[in-house]
Structure formats: structure tokens, C-alpha cells
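First the structure, in the form of C-alpha cells, and then the observations on it.
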RNA sequence: GCUGCAGUAGCUCAGCCGGUAGAGCACGUCCUUGGUAAGGACGAGGUCACGGGUUCAAAUCCCGUCUGCAGCUCCA
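Numbering (the numbering used here), first residue to last: -10 to 652.
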């Protein structure tokens, strides 16, 4: 039987089924040097027999698809190197897939890999690449044949489990390069030489077999590979950039927050960090007011009978903190703010005229996260959510959801998060509520998301136990993805708390509730903002906005104090550095502290009522009238601008002689 | 929680094979009064994470606990 292939130019080719990719590539125009082929978007490597036709194009070096193939083979090269160095019988191979930024291979081996092993393995990998071993593929049909093949090559329990879980009658493929053979679906490059030498082993980590914490812990080596050395170097540079932005380090250096040993998973907010917190709170409150929310505050401790009602005792208990029983009552610390909010709703008899009722709460919650997942501000046990619960009628649900999606986008715009991604998370395995409730909620969300016109992704089983949700993820300034907002529809909370309102027709009706947080939590959001801005916050968010520096502290002290007074009168956070020391050193300190503006006052400025403006990025804007500067900065902060209002756009190169490390 | 690694001055780190602690920066005092990223001198500062053990002797070796880091699993 012949298969038909459509080339990119529209022409058609026919080959008998089973023709190896290699033979097809040979007479495909523009395919010399191809690493593999793509048929209808699926890989067909040069070793594999074609089983179906379709749109055909080559996978060339330098492309994303090509990189995937190269990395896959690089994983095999790594496994081969480990087998050579540690002995083929000392190690058992699990899986070695390609991931976003590289690849890994999981090994079961007695020897505990150390960082010193990595260069040795790399060296052996280079040898294998230089040997340019051709890869070959062989196939067997059926599980028995696959198992027999595996048995012949030594212990392969993990591979056998993979075979066991694939459908009967499958074709199993093995790839060999030199003395190394691995059960593998492919695709792979023609020979190990095609892997090249732009690869790097990154780290060793434990990983459960099949991600199951009850199963065996394997040793995983992470690595990455590129086509060219320069690409690898650039990738390493980006990793270092991410490291440079680490909020745990910046938070300490900038005096924003710290982490006490006595309370793992909780932060201490230092005065400067607290200024940022208050600015965030202030802007959120402004927007809440504008959108018709009212703010409440509810207890941290609630009797366990409440948590039974909400279902937390059944579905969330291991994440909750309970106090010792006192006077025969068991109190749990709230991991969520919903019960308190429901109690607010229960206050008095509600009318349909009050709906939608939008209750906001900056609620302090505690969640007993497993110790191993804690990390900086992005994963803590004690945090404050910018939470709100919207009580509305089923008819109002879509409008409210629509408004919330717009709200989220408005807030993220404040920080310059342009790339916002939405996910629709549906019913998880452990959940409360009826099928009908879930179906209704999922449909309402789906319809709003579709109507929003923005693309969204399904996250099956990712919902909360009480309802489906929209999760928002954003990309930061160095394109890392973060989960922030969540909007959750909940039909079951009103049931559980027996919430109702008097409808227009006089009957009692059940409201729907939407839980939502936009920042997510102040803690996580702030950690992300520190990394997003690399600690150089926009003016409005900067703990210290302006520092006034005298050229000669004895002579211009009064002028400096007057400038600070004018700045403070305009609502700006400013101080003067009147200590002893040279001006250069003071400017350096202000720059390191990432203070957005330095105003320098010398004899000339003091006399003319001017200030010399210097930005933290090193741009010296020269002398300007104080009043003008104060007004410009006041507006820049009040409008919450992301970019400086004085001087050239950020990123403008500095004049030649001033190239020094900048904040 | 699990696997691996780590914990010495406020910070970054040295202190290897055991003989009761050191540098740079930061901090304080004094001198220096200067034009856009580091002026100088002197000084103070550590129960070497905590608890046990081995030893004549432990920051150093062993065990346990706590905390952190990289992952796994999980999540705002």
C-alpha cells in the first residue's frame, strides 16, 4: 500500500508503507542535513518506517523541532556515558525525556551522583559525540517480545513497567548507538555526532519513579543542549540573570523582608518592605472602591464545626493548623476566607436589591504546606490574600465573571504584565457538590472565557474541591510564568451555609458565590514583583523615592533639607544624606539601594534653586528647577507610571565614559 | 513529607588531615569638605544553627534535631 505525502510546495509524493524516513528524506528537496521529518506534525525520524502519509517537511538543524530531537538523543548519550563510567550493570534506566529547557534522565543507581560527577559524565558524552556513533532502530511486536528483548539486555524493571502499561499489540522500538540500547519511541538524530557539543549537565536531583511519592526515588540528572555554543552561553546568561533577581537575595539586600528561622514559611516585613505592601494595598483599595466592593475583616480562628460545614475537615485537613483543644472546643486557623465571608452574608435578611454583594477582605490565612515546598515569598504558610467573595444571582454570574476578568487585567497592567494566560480548571477527584452544580459552573466560566476573545487553556481536574476556577498566569520581564489570580465559582458554599436572599417574587433564593484573589497573595505577588523589576521598582512602589545628596554637606545642608521638605509636601518619600563622606560614595549607596532619583545639590544649585537630577540607571540629567522636578515626580508617582518621566527612555545607553555597573 | 547538599561576624566567604576563630564589605568614632558608583586611620562585633557522642582536646569526626538550597510531589 502506498502512502501519499504532501510537500510544503504542494506537490505530492508516494512511497510504499514502511519506507524508512532516511529514504524519504534523501529525495526531499531542501532536506539535506535533516535531523528528522515531520508528517502531519508528528515526528518521523530517519530510522523509522513511514506508517502514514500527510503533510511532509524536514526537521532542520537550528529549528525548535530539531532541537527537541537533538535533546532527546543527548539524553541517550548521557545515559550511555553513565553506563560506561559506572558500569552497565550498576545502573538501571528509567526515562529520559525532553523538557522545556533541556532534558533529563532518571537513573536507579547505588552510587549517589555528586556535582563532581557531572564534568566526568560530560567528558564521556563528548567522547561519544566525537565517536559519531550511528543510531539504529529495531522494532518488535507485542509485549512479550518487548519483555524478552529487555530481559536479554539485563535488569530493566522500569522499562518493563512502561511496556506493561502500553496497549497490547503495540510495536515497541529500540534505539541503539554503539554498545548502548534503549527502549524508546524516538525520534532521534542520525548519529551521535549530530548532538554536537553545545550541551551542559546542570544538576542532580531526586525524582520519584512516575512522580509518585510512594514509589522508588531515582536520581535525575538535568541537562540542556543547543545547536550552537553561543545559544548555550546565552541560555546560561539568562539563568544567571534570573539568579541575580532572586527575591530572597534582593529582599535582604534592600532591607524589604526576612525569614525568621523560628517560623518557617512566614516572612518578617521590614519597614521598607511594608511601604511596598501599603502601596499595593492602597491601589487595590482604590480599585475596589471604584468597582463597588465593600471591605470586611473576619476571624483567623474558627471552631472546627465551621470547617465541618465547609468540607475543609474532609478535604483540606492536612493543610490546616488546629489549636490544642481548650474548654472542649477545637479551633482551626483559616486557610481560606470564605466561611467568614459567608457569615457576613448571613448578617440580616438579604434582598435581591443588594446583589451582587461584593465583599472584599485582606484576609490572613495559614496553610500547613509540606516543609519541602516552602521557598521565599512565593510559597509560604502564612499569607494575606487580596480576597473577595461576590454573591450574586445565577443570572448575574456571567456579568460578574466578565467584570472580574477585566479587573484582573487592569491590576496586572499596573505592573506591566502584558502576557496574561488563562486556564479553566475543572472538577478534581476529591470534591463536594452535585454533578449539575459543577456542570453549570464550568459552563458559565467557559462561556465568559470564550466571549472574552482571549485564548485560554483547559486544566482538567485542576479545580478547587468546591468549584471550578479560572487561573491566571503571567509572564514576567524575563519571561518566566507565574500563577497569580484565581477566580472560582462556588455553588456549594451557599448550600452549606444555607445562604439565601428574598427574590423579586418574595421567595427565598440561593445566591451563587465567586471567590477571587487578584494579587493572589501579597507575599507571592511581592516576591514576583521584586524579581520582575529586579528590585528597581517603579517610582510609586519604591520604598525610598528620592535621595538628596549635597556636594558639600556643611555648605548645602539647609538647601538639602528644604528640597526634602518640598518633596515630602508633594507626598514623595524623600530623605537627605547629610552624613560625612564624599558625594560619589553617597550616590553609589543610593544607586545600590535602587532609589529611583538622586538629587544632587552643590553651590551652583543651592544658589539658583535648582537640583541636579541623577537616575538610578546612571543617567545624569543636569540641573533643573526644584519646583519642576517635584511636580514631575509627584505626577509620575501619582499616575503609577512604570517608566521615569525625566530624562531619556530607560535602556538608553549611557555616554561613553560612564559605563559602570548600574542598578 | 521524600532524595541530595549546606549552616562560621549584619552580608559574602576562608579556616584542608582535630590543638578553643580570620578576611573583604557593612557598622561606629575621628580626620577629610568633596561635582555624579567606593578618601583615610582606628575600633567594636562570633556559645562556629541546636542537642548529644568520640577524644586529653571538636568549628573541624560521628549521631539526632532545626533551618535553608536544588529537585520530586503539591499549591495563592
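Where a beta carbon is used, it is the ideal one built from N, C-alpha and C, also for glycine.
query, result
"By how many angstroms is the C-alpha of residue 172 removed from the C-alpha of residue 129?", "11 Å"
"Specify the secondary structure class of residue 4 as computed by DSSP and reduced to three states.", "strand"
"Exposed or buried, which one is residue 297 when buried takes at least 16 other CB atoms within 10 Å?", "exposed"
"Would you check if the stretch 306 to 316 and the stretch 456 to 472 touch, i.e. whether three or more CB-CB distances between them fall below 8 Å?", "no"
"Short of 6 Å in beta carbon distance, which residues of its chain neighbour residue 176, apart from the five on each side in sequence? Order them along the chain.", "25, 32, 34 and 58"
"Count the other CB atoms within 10 Å of the CB of residue 569; is the residue buried (16 or more) or exposed (fewer)?", "exposed"
"Tell whether a beta-carbon distance below 8 Å holds between residue 535 and residue 613.", "no"
"Taking the beta carbon of residue 95 as the centre, do at least 16 other beta carbons fall within 10 Å, making it buried, or is it exposed?", "buried"
"For residue 62, collect the residues of the same chain with a Cβ closer than 6 Å to its Cβ; drop the 5 residues on either side in sequence, then sort them by chain order.", "177, 178 and 184"
"So, using beta-carbon positions, are residue 528 and residue 622 closer together than 8 Å?", "yes"
"By Cβ distance, which residues of its chain are closer than 6 Å to residue 526, with the 5 residues on each side in sequence left out?", "none"
"Is residue 148 buried or exposed, if buried means 16 or more other CB atoms sit within 10 Å of its CB?", "buried"
"Helix, strand or coil, according to DSSP, for residue 26 in the structure here?", "strand"
"Find out if the Cβ-Cβ distance for the pair residue 469, residue 231 is shorter than 8 Å.", "yes"
"In angstroms, rounded to a whole number, what distance separates the CA positions of residue 85 and residue 417?", "29 Å"
"At the level of alpha carbons, what is the spacing between residue 651 and residue 572?", "Low confidence applies to residue 651: its pLDDT is 48, below 50, so where it sits in the model is not reliable enough to give any reading."
"Within the stretch 68 to 140, note down every full alpha helix (DSSP H) run reaching 4 residues or more, in order along the chain.", "106 to 120"
"Quick check: the stretch 112 to 125 against the stretch 219 to 226, are there 3 or more CB pairs under 8 Å?", "no"
"Buried or exposed for residue 493, going by 16 or more other Cβ atoms inside 10 Å?", "exposed"
"Decide if residue 530 is buried, meaning its Cβ has at least 16 other Cβ atoms within 10 Å, or exposed.", "buried"
"Nearest-angstrom Cα distance between residue 644 and residue 636?", "13 Å"
"Is residue 60 helix, strand or coil when you go by DSSP?", "helix"
"Do you know how far the Cα of residue 29 is from the Cα of residue 5?", "17 Å"
"What is the DSSP secondary structure of residue 580, counted as helix, strand or coil?", "helix"
"Mapping DSSP to helix, strand and coil, what is residue 609?", "strand"
"The alpha helix (DSSP H) spanning residue 624 covers which residue range?", "615 to 627"
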